[in-house]
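Q: Just dropping this structure here.
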Amino acid sequence: MRPTKMSAAPSPARTQGARPTRVRHTVLWLTVLAYMITYMDRGVISAAAPFIQKEFGFSLMTMGLILSAFRWGYTIFQIPGGWLGDRIGPRRALTLIVTLWSFFTSATAFCWSAQSFLVTRFLFGVGEAGAFPIATRSLSRWMLKSERGYAQGVTHAGSRLGATFTPAIVVWLILAYGWRAPFFVFGSLGILWATVWYIYYRDTPQEHASVNAAELELIHASTGQPSSLSKTSPPWRAILSSRTMWLMCLMYFCYSYCLATYLEWFPTYLLNHRGYNLKEMGFYAGLPLFAGTVGDLAGGWLSDLWLKRSGNLVLARRLVGVGGFLLAGAAIIPATLTPNPLTNVMLTCVAVFGLELTVGVSWALPLDIGSEYAGSVSALMNSFGNIGGSISPLVLAYLVGKFGWNEPFLVASTLCFIAAVLYSRIDASRQIKREPV
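Residue numbers (the numbering used here): 44 to 480.
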C-alpha cells in the first residue's frame with residue numbers, strides 16, 4: 044500500500060510545539076538494526092564453517108569458494124541494488140531485499156553438497172547486495188549534514204556489534220541443536236525486521252505523520268533537498284568521471300579485502316593456527332569485532348566533531364580515514380608475528396579498531412558527494428570494495444596452502460597503507476551533479 048500524500052492543511056503532529064520531533068533518530072536506529080542483521084547473517088556460516096567442513100569433507104579451498112560465493116553475488120548486484128533504492132524508494136526496496144536474503148539465510152540449512160552451498164550463498168549475496176546502498180539512500184533525506192558521520196558510524200557499529208556476538212551464539216546453537224539451527228534462527232530475524240520497516244518508515248520526512256514542522260524545517264534547512272522523492276535516473280556520466288569517486292572505489296577495495304580476511308577466516312585461524320578450542324574460539328573471535336564497533340562509533344563522531352568546529356569537510360573526512368588505516372596497517376604486523384595467541388587477539392583488536400575508524404567517514408562520502416544519488420554512488424564504491432572482499436577468501440586459502448598463515452595478514456597490512464595514501468587524496472567537497480541538457 045502506498046503512503047498517502049500530505050494534504051494542504053498541516054496535521055496536528057506537525058504543528059504542536061516548537062521543539063523538533065526526533066523521528067529521524069528512530070529511522071536511524073531501525074537502519075542500525077538492519078546493518079546488524081546483515082552481519083549476523085553473514086557471520087553464521089563463518090562460525091559454522093568448521094562443522095560444515097567436517098561433515099561434508101570439504102577442503103580449505105572448497106570452503107574458500109563457498110565463502111567467496113556470497114561475495115560474488117553481493118558484488119555483481121551492488122549497482123542494480125543501489126539503482127533499485129534510487130528508483131522505487133528505500134521503503135519498498137529494503138523490505139524486498141531483506142525478505143529475499145533472509146529466505147536464503149534459512150535455505151543454507153538445506154544444502155547437501157558443495158554445489159548447493161555455492162548456489163545458495165551466491166543468491167544470499169544477491170539479496171544482501173543492495174542493503175548498504177539502499178540504507179544509505181534511506182538516510183540521505185533524513186539525517187542532517189552534521190549528523191552524517193555519526194549516522195554512518197553508528198550503523199556500521201551495529202553491523203560489527205552483530206558480528207561480535209554471532210560466533211558465540213552460533214556455537215551455542217550448534218552444540219545444542221546442530222549446525223543447521225542458527226541459519227533458521229537468524230533468517231527469521233530478517234523477516235521480522237522487514238515487517239516493522241515497511242510499517243514505520245517513509246521515503247521522505249514529510250510523508251511521515253509523526254514528523255512535526257520544526258523537524259521538517261530542520262532537515263530541509265540542513266540538506267537543502269526538495270520535498271519530493273526524485274525518480275530520475277542517476278547521472279552515470281558525472282559519477283564515472285569523478286576523480287573522487289574512483290579514489291573512493293580503490294580505497295574501499297583495500298578496506299573490504301582486509302575486513303573479509305577477519306570476517307571469513309578469523310574463527311578458523313584461531314582454531315587451526317592459534318590452538319584455541321571451540322568455546323574459546325567463540326569468545327575470542329568476537330573481540331576484534333567488538334573493538335571494531337567502538338572504532339565505527341569513534342570515527343563518525345570524530346569526523347562530525349571536526350566538521351562542526353572547523354567547517355572543513357575535506358579534512359574532517361581525510362584525517363579520520365588516513366589515521367585509521369595507518370593504525371590498522373601498523374598493528375597487523377606485530378599481531379601476525381607474535382607467537383603468543385592472546386597477544387595476537389589483543390593486537391588484532393587494535394588493528395580492527397583502526398580499520399573500522401574509517402568506515403563511518405567512508406560511508407558519509409557518498410552522502411557528501413552523491414546527495415540525491417547516494418544510493419548509486421555508494422553502490423559503485425561498495426562494488427569495488429566487494430571485489431576485494433570476493434577475492435580475499437580465495438587468496439587467503441591459496442597463501443595459507445603455499446606459505447602458511449602469516450602471509451595473508453601481511454598482505455592485509457600492506458593494503459591498509461595503500462588505502463591511507465588513497466584516502467589522503469579524497470575530496471569530499473566535490474559534489475557530483477547532473478550535467479545540464
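We put the beta carbon where it would ideally sit given N, CA and C, even for glycine.
1. Hey, is the region 290–305 in contact with the region 421–433, meaning 3+ C-beta pairs nearer than 8 Å?
2. Between the C-alpha atoms of M186 and A341, what's the straight-line distance to the nearest angstrom?
3. Tell me the residue span of the alpha helix (DSSP H) that contains F429.
4. Any idea if T386 is buried or exposed, counting beta-carbon neighbours within 10 angstroms, 16 or more meaning buried?
5. Using alpha carbons as the reference points, say which of I375, D347 and G372 lies closest to L362.
6. For T209, does the three-state DSSP call read helix, strand or coil?
7. What three-state label does DSSP hand W236 in the structure shown?
8. Please report the distance separating the alpha-carbon of T64 from that of L182.
9. What's the gap between the Cα of R62 and the Cα of S111?
10. Helix or strand or just coil, what does DSSP make of Y117?
11. Look at the alpha carbon of R191 and the alpha carbon of H199, and state the distance between them as a whole number of angstroms.
12. Below 8 Å CB to CB, which residues in the same chain sit around V214 once its five sequence neighbours on both sides are set aside?
13. When the Cα atoms are used, what is the spatial distance from M294 to L283?
14. Comparing alpha-carbon positions, which option in E171, G86, I376 and T287 lies nearest P225?
15. When you compare each of I475, I80 and A374 to P331 by their alpha carbons, which one comes out closest?
16. Jot down the residue ranges of each uninterrupted beta strand (DSSP E) in the region 447–472, minimum 3 residues, whole runs only, in chain order.
17. Could you check what DSSP says for V141 in three-state terms: helix, strand or coil?
18. Note down the Cα distance separating L398 from W155, rounded to an integer number of angstroms.
19. Does the separation of the CB atoms of G335 and I177 fall below 7 Å?
20. Taking Cβ positions, are G484 and T148 nearer each other than 7 Å?
21. Can you grab the Cα-Cα spacing for the pair V454 / I461, in whole Å?
22. Taking DSSP as the reference, what is the three-state secondary structure of P310?
23. Could you work out which residue in Y244, V162, A157 and F165 is closest to A77 when comparing CA atoms only?
24. Use the C-beta contact count for A52: other C-beta atoms within 10 angstroms, 16 or more gives buried, fewer gives exposed.
25. Note down, in chain order, each residue of its chain lying with its Cβ closer than 6 Å to the Cβ of S456, except the 5 sequence neighbours on either side.
26. Tell me which residues share the same chain as N449 and place their Cβ nearer than 6 Å to its Cβ, disregarding the 5 neighbours each side in the sequence.
27. Who are the near neighbours of F14 in its chain, counting only those whose CB is closer than 8 Å to its CB and skipping five residues on each side?
28. Mapping the DSSP letters down to three states, classify W155 as helix, strand or coil.
29. Let me know the secondary structure DSSP gives P63 once reduced to three states.
30. Once you ignore the five residues that flank F166 on each side, which residues in its own chain have a CB closer than 7 Å to its CB?
31. If you draw a straight line from the C-alpha of V464 to the C-alpha of N255, how long is it?
32. Given this structure, state the Cα-to-Cα distance separating V357 from W222, to the nearest angstrom.
33. Does the separation of the CB atoms of L400 and G338 fall below 7 Å?
A: In short:
1. yes
2. Here residue 186 refers to the residue found at position 143 when the sequence shown is read from its first residue. Here residue 341 refers to the residue found at position 298 when the sequence shown is read from its first residue. Straight across, the Cα-Cα distance linking M186 with A341 is about 18 Å.
3. The residue you call residue 429 lines up with position 386 of the sequence shown. Strictly speaking, residue 429 in this sequence is Asn, with Phe absent from that position. A417 to K445 is the extent of the alpha helix (DSSP H) around N429.
4. On the sequence shown, position 343 is the one that residue 386 refers to. That one is exposed.
5. To locate residue 362, count along the sequence shown from 1; it is residue 319. For the residues I375, D347 and G372, the minimum Cα distance to L362 belongs to D347.
6. The sequence position of residue 209 within the sequence shown is 166, counting from 1. In this structure, T209 counts as helix in the three-state DSSP scheme.
7. Counting from one through the sequence shown, the residue named residue 236 turns up at place 193. Note: W236 maps to helix in three-state DSSP.
8. As a first step, residue 64 is located in the sequence shown; it is residue number 21 there, counting from the start. As a first step, residue 182 is located in the sequence shown; it is residue number 139 there, counting from the start. Rounded to the nearest whole angstrom, the CA to CA distance from T64 to L182 is 16 Å.
9. The count along the sequence shown starts at 1 and reaches residue 62 at position 19. The count along the sequence shown starts at 1 and reaches residue 111 at position 68. One C-alpha to the other measures close to 49 Å.
10. Your numbering for residue 117 matches position 74 in the sequence shown. Helix, per DSSP.
11. Translated into positions along the sequence shown, residue 191 becomes position 148. Translated into positions along the sequence shown, residue 199 becomes position 156. Cα-Cα distance, rounded: 12 Å.
12. Counted from its first residue, the sequence shown places residue 214 at position 171. Counting only Cβ-Cβ distances below 8 Å, and skipping sequence neighbours, we find A90, L321, K322, M324 and G325.
13. For this step, residue 294 is matched to residue 251 along the sequence shown. For this step, residue 283 is matched to residue 240 along the sequence shown. C-alpha separation (whole angstroms): 16 Å.
14. Walking along the sequence shown from the start, residue 225 turns up at place 182. Looking at the Cα atoms, G86 is the closest of the given residues.
15. Here residue 331 corresponds to residue number 288 of the sequence shown, with the count starting at 1. For P331, the nearest C-alpha among the options comes from A374.
16. none
17. Along the sequence shown, one-based indexing puts residue 141 at 98. Here V141 sits in helix by DSSP.
18. If you number the sequence shown from 1, residue 398 lands on position 355. If you number the sequence shown from 1, residue 155 lands on position 112. Their backbone Cα atoms lie some 36 Å apart in a straight line.
19. On the sequence shown, residue 335 is found 292 positions in, with the first residue counted as 1. On the sequence shown, residue 177 is found 134 positions in, with the first residue counted as 1. It is not a contact, given that the beta carbons lie outside the stated cut-off.
20. Summary: the structure shown does not reach residue 484, with the chain confined to residues 44 through 480, and so no result is reported for it.
21. The sequence position of residue 454 within the sequence shown is 411, counting from 1. The sequence position of residue 461 within the sequence shown is 418, counting from 1. V454 and I461: Cα-Cα distance of roughly 11 Å.
22. Locating residue 310 in the sequence shown gives position 267, where the first residue counts as 1. Helix at P310.
23. If you number the sequence shown from 1, residue 77 lands on position 34. Of the candidates Y244, V162, A157 and F165, the residue whose Cα lies closest to the Cα of A77 is Y244.
24. Position 9 of the sequence shown holds residue 52. Residue placement at A52 cannot be trusted, given a pLDDT of 39 that sits under 50; the coordinates are not used to answer.
25. Locating residue 456 in the sequence shown gives position 413, counting from the first residue. Here the set comprises G372, I375 and I376.
26. Sequence index remark: in the sequence shown, residue 449 carries index 406 (1-based). Cβ neighbours of N449 within its own chain (closer than 6 Å, five residues either side excluded): T379.
27. No statement about residue 14 is possible, as the shown extent of the chain runs from 44 to 480 and does not include it.
28. Translated into positions along the sequence shown, residue 155 becomes position 112. If DSSP states are grouped into helix, strand and coil, W155 belongs with coil.
29. Taking the sequence shown and counting its residues from 1, one reaches residue 63 at position 20. Three-state result, P63: coil.
30. If you number the sequence shown from 1, residue 166 lands on position 123. For clarity, residue 166 is Leu in the given sequence; the question names Phe instead. Once the five neighbours on either side are set aside, the close Cβ partners of L166 are G116 and F147.
31. Working through the sequence shown from its first residue, we reach residue 464 at position 421. Working through the sequence shown from its first residue, we reach residue 255 at position 212. V464 and N255: Cα-Cα distance of roughly 44 Å.
32. For the purposes of this step, residue 357 is identified with residue 314 of the sequence shown, where counting begins at 1. For the purposes of this step, residue 222 is identified with residue 179 of the sequence shown, where counting begins at 1. Taking the straight line from one Cα to the other gives about 47 Å.
33. For this step, residue 400 is matched to residue 357 along the sequence shown. For this step, residue 338 is matched to residue 295 along the sequence shown. A contact, by the Cβ cut-off of 7 Å.
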